[in-house]
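Colleague: I'd like to ask you about the structure that follows.
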Amino acid sequence: MKQYWKDYQKEIADDNYFYVRSCIRQNFFPGAENLFIDILKNKLGKTVFEDAEHTTCTGIGYHTDVVPLETTMTVIARQFALMKEKGYRNMIASCVTSFGLYSEVLDMWKHQPELKEKIAGYLMEATGRTFEEPENMVHASDILYKYRNEIASIAKYKLINKTTGEPLKVVDHIGCHYAKTFPERGVGGSEFPQVLTGLITAWGGQTVDYPERRHCCGFGFRNYLVQPNRGYSISQSKIKLESMKPYEPDLIIANCPGCSMFLDRWQYTLEETEGAVYGTCGNKIPVFTHEELAGLVLGYDPWEIGLQTHQVPVEALLDKIGVEYNPDLKYTDRQGNLIGEPELINQHVC
Amino acid sequence: MAGKRNFGFDIQGGGRQIDLDHADTSLASELKDAVNAWSACINCGSCAATCPSGQNGGLNFRKLHYQIRLELPTLQELSTLSSCLLCGKCQLVCPRGIPTRYLSIQIMQKTKHYVRENIPSV
Amino acid sequence: MLENENHRIAVIGAGPAGISAAVTAAELGIDVDWYDKADQIGGKLNDYYQLFPDRTSAMNVLQEFDNLTGTARIHKHFGKAINHIEKNNGRLVLMSDHETVGSADSVIVATGFDFFDARNKEEFGYGMYNQVITSPELEQKLKTNPDSLKFDGEAPANIAFVHCVGSRDQQIGINYCSRLCCVTGIKQAIEMRELFPSCRVVNFYIDLRAFGSGYEELYREAQEKHQVQFIRGRVSEASENQQHRIVLKAEDTLMGRPLKITVDWVVLLIGMVPSCTQVQVADHQCTDQETGFLKAANAFTGHRLDGQPGIFMAGACGGPMSIPEAAASGKAAATEALQYLINR
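Spelled out as structure tokens, the structure:
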């Protein structure tokens, strides 16, 4: 497979990060954000700070026309103000839509300084704070990309099928707001982004280049939030899943919390409504977020990082890699008590 | 495996896309054999511009015969040709000199079964 | 004709424009110092297979040109790239990498063009996928190795040509039209249909520009005789499928619907950009600010370079043009150079 050659270089700060969370990532992937912070602090020795007073970036509201643009900008200015007060210049956004929105707002302020002035006025009036634009603003997957080799060097597992010795075939899906709006803000640009490809290759796997790789998964708030449009949104994920099926991928990773949820959840929905299954041997394809994948290769316990909540069961993949885990502890709490089991979907073994 | 459950929405397929990998061009081949010059059409729209049925009858002649070249149109789309008056104005104006009136007749003849049997005459 | 028999003209470039300029100047009785960065004449003509509109063999045309250049008045200095012209006491000094190589009373710049680097249009996957090639690469294959156009040892089943790659595109900052790519696409489409009669050939265009003598007729021939399919609409992306064929997504604007096709080859009709080995004239800006091509002082009356007495331009260094146009331009520049020498 050819090397993905286009190297859009991007400045990624190397320490002293201000972390802003995603509204939804923890709902679907409960362990993801804490895991990311843990990896940065305890495995890579970085300083990561998250402010208890920080809020949503209002991306969901902005994209559904519920929140006016000035409000969104003022809330974002407040995030920057909190950053400034705590003495941080480098921001990490957990959600790709947040990252896209911060980029958009910064771009608008660049082209219309009077707008920035106006927002500074609103912020002062509403909260008494002043703000400064961050020196560096990146997405969480950029950080993992930057430290992919360091992670590889302390990794316990590799993305290799332990029986055959072959690298795992990994589909990487990049959230639309990551690089399609501002290609220069994404590692690798917008047509052939490198940010997740880099992780996969550094950790021993191989990427799958399939025809609908660049297609949106359908998680546009504007459409998805309204139930009558749900079918339209899901049909986009269906196009992707159908296109990747012949390549027999072992796993899918996505850096956007919405995309991960979509590609995970809709495999169930598509099976129930259409009987379609996209993995091998009648199984579904496990979907991971980038933090979860990092946690997996670093040897965190799968149930500690929340993999049991995935719609598509992950055990087959864990076995493929050779991860050590206790299957009996899947649906137990920290004290070891069973917390109830969901209705299990039959898994086939090849 | 799983039954057909309904969650309250329909998942659509890619109905709008013209899939040239699987399109049915059998009608197009037959027409090309019958009307050699048809391949020289540049889609200028002169035929549709002058067509009386285009004004009142719902026929977009240019689009219809262009579509035939790509894929077989639906029954609905083909039936619009039934409002063609065979007046011959299109043939007078075609800059490529294509016998478009003859083309219209050929399309009607070759799709006779579809249209006559399924759509009442206009 | 000239009082001072020691007058010499320098012609920089031995492509069609340079050949025509050198030969004309020599015929008019002037000695010519002829430079080219390559070791032989012809420029890009060496790489072409057949020339539009009537599919004349490029090699035959080159041979005809070559036959004209044997005169004693032409002094060849090949293998040298002139990149700078200095003015010194009424003479023009030619320099190659800061080294003086010669001098002349008048210079004709005929340095030609470069092809657009298709890697800059990432969405087409050039440089990523083997089955995506450019029009000059196709020309080479047709000329030297048509067998390499087979796919998996068989004749290809589908080929797509993409027009306007690197031209008329705000995204890459090239807003002009390269003029000759459309007719190149038409010609190459015909050549592919002839080479592989069972192959479907589809050309994706925005506007078909077939303005020259014989071009429109070639377009009709492509449609009627060779059954090339022309689809008006842009290709948005190229991806590879498992067989390493290319899946294209496009819009059929005449139908108003999206379109998909899987092809064995994608040929990108790349545009013409200013040559990277353009000649700098002292420190004067002689290029068009928008396009980067050389600019005449007055395009309506002649080929003298903007602000430079005695320096003339010929051929595609002034903007996209075809071989006959370049040759005519070379002749004109040579005549103007002679007029300049007589009148000064």
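Chains as they are written, first to last, in my numbering: chain E, 39 to 388; chain G, 1422 to 1543; chain C, 236 to 579.
A virtual CB, placed ideally from N, CA and C, is assigned to each residue, including glycine.
All values reported here derive from a predicted model rather than from experimental measurement.
1. According to DSSP, simplified to helix, strand and coil, what is Y216 (chain E)?
2. With a threshold of 16 other CB atoms inside 10 Å of the CB of I189 (chain E), please say whether the residue is buried or exposed.
3. Less than 8 Å between the beta carbons of W269 (chain C) and P391 (chain C), yes or no?
4. Taking C-alpha atoms, which residue in C:V482, C:V246 and C:E429 lies nearest to V463 (chain C)?
5. Under 8 Å: do the stretch 289-306 of chain E and the stretch 1457-1474 of chain G share three or more Cβ pairs, one atom per stretch?
6. Taking the beta strand (DSSP E) that L494 (chain C) belongs to, which residues open and close that run?
7. If the criterion is Cβ atoms closer than 8 Å, does the pair S275 (chain E) and L234 (chain E) meet it?
8. Tell me, please, whether the CB atom of E475 (chain C) is closer than 8 Å to any CB atom in chain G?
9. Between A252 (chain C) and the rest of its own chain, which residues show a CB-CB distance below 6 Å, the 5 nearest in sequence each way excluded?
10. Report yes or no: do three or more beta-carbon pairs, one from the stretch 331-341 of chain C and one from the stretch 281-291 of chain C, lie closer than 8 Å?
11. Rounding to the nearest angstrom, what Cα-Cα distance links Q375 (chain C) and D282 (chain C) in this structure?
12. Between C:N578, C:A257 and C:G250, which has its C-alpha nearest A567 (chain C)'s C-alpha?
13. I believe L1441 (chain G) touches L489 (chain C) by the beta-carbon criterion, under 8 Å. Please report the beta-carbon distance rounded to the nearest angstrom.
14. Please return the same chain residues whose Cβ sits closer than 8 Å to the Cβ of L1507 (chain G), not counting the five positions on each side in sequence.
15. In whole angstroms, what is the alpha-carbon distance linking G1475 (chain G) and V436 (chain C)?
16. What number of angstroms, rounded off, separates the C-alpha of C1505 (chain G) from the C-alpha of A1444 (chain G)?
17. Between the C-alpha atoms of R1426 (chain G) and F257 (chain E), what's the straight-line distance to the nearest angstrom?
18. For M330 (chain C), report the span of its beta strand (DSSP E) as first-last.
19. If you run the structure through DSSP and keep just helix, strand and coil, what is I558 (chain C)?
20. Determine the chain C residues that contact N1481 (chain G) at a beta-carbon separation under 8 Å, and present them in chain order.
21. Could you tell me whether the Cβ atoms of L308 (chain E) and E330 (chain E) are closer together than 8 Å?
22. Against chain C, with Cβ distances strictly below 8 Å, would I1439 (chain G) count as a contact?
23. Starting from the beta carbon of G227 (chain E), find every residue of chain C whose beta carbon is closer than 8 Å, and list them in chain order.
24. Closer than 7 Å, Cβ to any Cβ of chain G: which residues of the stretch 392-426 of chain C, in chain order?
25. Between E389 (chain C) and chain G, is there a C-beta pair that is closer than 8 Å?
26. Looking at the unbroken beta strand (DSSP E) that takes in R243 (chain C), where does it start and where does it end?
27. Could you tell me the distance, in whole angstroms, from the CA atom of T259 (chain C) to the CA atom of A1470 (chain G)?
28. Name, in chain order, the residues that DSSP records as bridge partners for I394 (chain C).
29. Figure out for me which residue from E:D357, E:D366, E:P380 and E:Y369 has the closest Cα to the Cα of T202 (chain E).
30. Do you know offhand how far Q265 (chain E)'s Cα is from S271 (chain E)'s?
31. Just to confirm my understanding: we take E171 (chain E), look at its own chain, exclude 5 residues before and 5 after, and list those with CB closer than 7 Å. What are they?
32. Would you mind telling me which residues of chain G sit closer than 7 Å to G337 (chain E), beta carbon to beta carbon, in chain order?
33. Assign M162 (chain E) to one of three DSSP states: helix, strand, or coil.
34. Output the distance between the C-alpha atoms of T536 (chain C) and E262 (chain C), rounded to the nearest integer angstrom.
35. May I ask you to report which of helix, strand or coil DSSP gives A473 (chain C)?
36. From the beta carbon of V498 (chain C), is the nearest beta carbon of chain A less than 8 Å away?
Modeller: So, from the data block:
1. Taking the first sequence and counting its residues from 1, one reaches residue 216 (chain E) at position 178. Three-state result, Y216 (chain E): helix.
2. As a working mapping, residue 189 (chain E) is identified with position 151 in the first sequence. It counts as buried.
3. Taking the first residue of the third sequence as position 1, residue 269 (chain C) is located at position 34. Taking the first residue of the third sequence as position 1, residue 391 (chain C) is located at position 156. With contacts defined as CB atoms closer than 8 Å, W269 (chain C) and P391 (chain C) fail to qualify as a contacting pair.
4. Counting from one through the third sequence, the residue named residue 463 (chain C) turns up at place 228. When only C-alpha atoms are compared, the closest one is C:E429.
5. No: fewer than three Cβ pairs fall under 8 Å.
6. Within the third sequence, residue 494 (chain C) is the residue found at index 259, counting from 1. First-last of the beta strand (DSSP E) with L494 (chain C): R492 to V498.
7. On the first sequence, position 237 is the one that residue 275 (chain E) refers to. On the first sequence, position 196 is the one that residue 234 (chain E) refers to. Judged by beta-carbon spacing, L234 (chain E) lies beyond the 8 Å limit of S275 (chain E), meaning their Cβ atoms are not closer than that value.
8. Locating residue 475 (chain C) in the third sequence gives position 240, counting from the first residue. E475 (chain C) does not count as touching chain G.
9. Position 17 of the third sequence, counted from the start, is the residue given in the question as residue 252 (chain C). Within the same chain, A252 (chain C) has close Cβ partners A345, A549, G550, A561, S564 and G565.
10. no
11. Within the third sequence, the letter at position 140 stands for residue 375 (chain C). Within the third sequence, the letter at position 47 stands for residue 282 (chain C). About 6 Å.
12. For the purposes of this step, residue 567 (chain C) is taken as the residue at position 332 of the third sequence. Of the candidates C:N578, C:A257 and C:G250, the one whose C-alpha sits nearest the C-alpha of A567 (chain C) is C:A257.
13. Here residue 1441 (chain G) refers to the residue found at position 20 of the second sequence. Here residue 489 (chain C) refers to the residue found at position 254 of the third sequence. Contact doesn't hold; Cβ gap of about 14 Å is too wide.
14. Translated into the one-based positions of the second sequence, residue 1507 (chain G) becomes position 86. The answer, listed in chain order, is R1522, S1525 and I1526.
15. Translated into the one-based positions of the second sequence, residue 1475 (chain G) becomes position 54. Translated into the one-based positions of the third sequence, residue 436 (chain C) becomes position 201. When rounded, the distance between both Cα atoms is 32 Å.
16. Mapped onto the second sequence, residue 1505 (chain G) falls at position 84. Mapped onto the second sequence, residue 1444 (chain G) falls at position 23. Spanning the two alpha carbons is a distance of roughly 26 Å.
17. Locating residue 1426 (chain G) in the second sequence gives position 5, where the first residue counts as 1. Locating residue 257 (chain E) in the first sequence gives position 219, where the first residue counts as 1. Going from the Cα of R1426 (chain G) to the Cα of F257 (chain E) covers about 22 Å.
18. Walking along the third sequence from the start, residue 330 (chain C) turns up at place 95. First-last of the beta strand (DSSP E) with M330 (chain C): R326 to S331.
19. Locating residue 558 (chain C) in the third sequence gives position 323, counting from the first residue. Looking at I558 (chain C) - three-state DSSP - the assignment turns out to be helix.
20. Locating residue 1481 (chain G) in the second sequence gives position 60, where the first residue counts as 1. Within 8 Å Cβ-Cβ: nothing; N1481 (chain G) doesn't reach chain C, min ~11 Å.
21. Taking the first residue of the first sequence as 1, we reach residue 308 (chain E) at position 270. Taking the first residue of the first sequence as 1, we reach residue 330 (chain E) at position 292. Going by C-beta atoms, L308 (chain E) is not nearer than 8 Å to E330 (chain E).
22. Numbered from its first residue, the second sequence carries residue 1439 (chain G) at position 18. By this cut-off, I1439 (chain G) is an interface position.
23. If you number the first sequence from 1, residue 227 (chain E) lands on position 189. Here the neighbours are E357.
24. none
25. Here residue 389 (chain C) refers to the residue found at position 154 of the third sequence. It does not: the Cβ of E389 (chain C) has no partner Cβ on chain G nearer than 8 Å.
26. Within the third sequence, numbered from 1, the residue matching residue 243 (chain C) stands at position 8. Looking at the DSSP string, the run of the beta strand (DSSP E) that includes R243 (chain C) is R243 to I247.
27. To locate residue 259 (chain C), count along the third sequence from 1; it is residue 24. To locate residue 1470 (chain G), count along the second sequence from 1; it is residue 49. The straight-line gap separating the alpha-carbon atoms of T259 (chain C) and A1470 (chain G) is approximately 52 Å.
28. Residue 394 (chain C) sits at position 159 when you count from the first residue of the third sequence. Answer by DSSP bridge pairing, in chain order: C:V436 and C:W500.
29. Locating residue 202 (chain E) in the first sequence gives position 164, counting from the first residue. Residue E:D357 is the option with its Cα nearest to T202 (chain E).
30. In the first sequence, residue 265 (chain E) corresponds to position 227, counting from 1. In the first sequence, residue 271 (chain E) corresponds to position 233, counting from 1. If I take the Cα positions, the gap works out to 10 Å.
31. The count along the first sequence starts at 1 and reaches residue 171 (chain E) at position 133. Excluding positions up to five away in sequence, the list reads F118 and L144.
32. Position 299 of the first sequence, counted from the first residue, corresponds to residue 337 (chain E). Those do not exist, as G337 (chain E) stays about 35 Å from chain G at its closest Cβ, beyond 7 Å.
33. Start at 1 with the first residue of the first sequence, and residue 162 (chain E) comes out as number 124. If DSSP states are grouped into helix, strand and coil, M162 (chain E) belongs with the helices.
34. Looking up residue 536 (chain C) in the third sequence gives position 301. Looking up residue 262 (chain C) in the third sequence gives position 27. Near 23 Å, if we compare the C-alpha coordinates of E262 (chain C) and T536 (chain C).
35. If you number the third sequence from 1, residue 473 (chain C) lands on position 238. Three-state DSSP puts A473 (chain C) in a strand.
36. Structure shown: chain A not included; protein chains present are E, G and C.
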